[in-house]
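Engineer:
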Amino acid sequence: MRGRIRRPQRRKEPRAATFRCASCRMDVSMRAPGTAHRNHCPSCLGSLHLDRRVPGDRAAGCGGRMEALGVTVRDDGEWLLIHECRRCGVLSANRIAGDDNALALMRLAMRPLSGSRLSI
Numbered sequence: 060m061r062g063r064i065r066r067p068q069r070r071k072e073p074r075a076a077t078f079r080c081a082s083c084r085m086d087v088s089m090r091a092p093g094t095a096h097r098n099h100c101p102s103c104l105g106s107l108h109l110d111r112r113v114p115g116d117r118a119a120g121c122g123g124r125m126e127a128l129g130v131t132v133r134d135d136g137e138w139l140l141i142h143e144c145r146r147c148g149v150l151s152a153n154r155i156a157g158d159d160n161a162l163a164l165m166r167l168a169m170r171p172l173s174g175s176r177l178s179i
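At position 79 of the sequence shown the residue is numbered 138 (this note's numbering), and the sequence of numbers has no breaks.
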């Protein structure tokens, strides 16, 4: 990992041990391998617009559903999900977690090559 910049994250205990995904209704553990903050469902990769600037800040007032649009890769090889809020249109990049659905991630990665939006 050459010259990796540490991005700020608020360290706090989650209010609950699990949450229910607003998209697929799966019960999801707040513990996520590979990241300090679980911010998306490992099954459908959907999220909610809760954070504004810093992961875990819970400062966004929107609360809309965040749809996973694609993936990008950092120079060090780490994958990030690109989410778009369906309510306000804001885009965000979020680290993937170790238990994310590999097939769903690959479908997102292949979208630019297919020329169409595939359903996950």
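Virtual Cβ for every residue (Gly too), placed ideally from N, Cα, C.
The model shown is predicted, which means the values in this text are computed figures rather than measured ones.
Where does residue 165 fall in DSSP's three states?
Structural biologist: The answer is helix: DSSP assigns residue 165 an H, G or I state.
Engineer: Please go through the stretch 75-103 and give each complete beta strand (DSSP E) segment of 3 or more residues, from N-terminal end onward.
Structural biologist: The stretch 75-103 contains these whole beta strand (DSSP E) runs: 77-79 and 86-88.
Engineer: Measure the C-alpha to C-alpha separation of residue 101 and residue 120 and round it to an integer number of angstroms.
Structural biologist: Using only the alpha carbons, I get a separation of about 24 Å.
Engineer: For residue 144, list the residues DSSP reports as bridge partners.
Structural biologist: 125.
Engineer: Determine the DSSP secondary structure at residue 154, reduced to helix, strand or coil.
Structural biologist: Strand, per DSSP.
Engineer: Which word fits residue 125, buried or exposed, when buried means at least 16 other C-beta atoms lie within 10 angstroms of its C-beta?
Structural biologist: Result: buried.
Engineer: Just confirm the distance between the C-beta atoms of residue 108 and residue 144, as a whole number of angstroms; I'd bet it's less than 8 Å.
Structural biologist: Right, their Cβ atoms sit about 4 Å apart.
Engineer: Kindly indicate which residue of 171, 139 and 170 has the alpha-carbon position closest to the one of residue 98.
Structural biologist: Closest option to residue 98, Cα to Cα, is 139.
Engineer: Among 93, 94, 152 and 160, whose alpha-carbon lies nearest the alpha-carbon of residue 132?
Structural biologist: Of the listed residues, the one whose Cα sits closest to residue 132 is 152.
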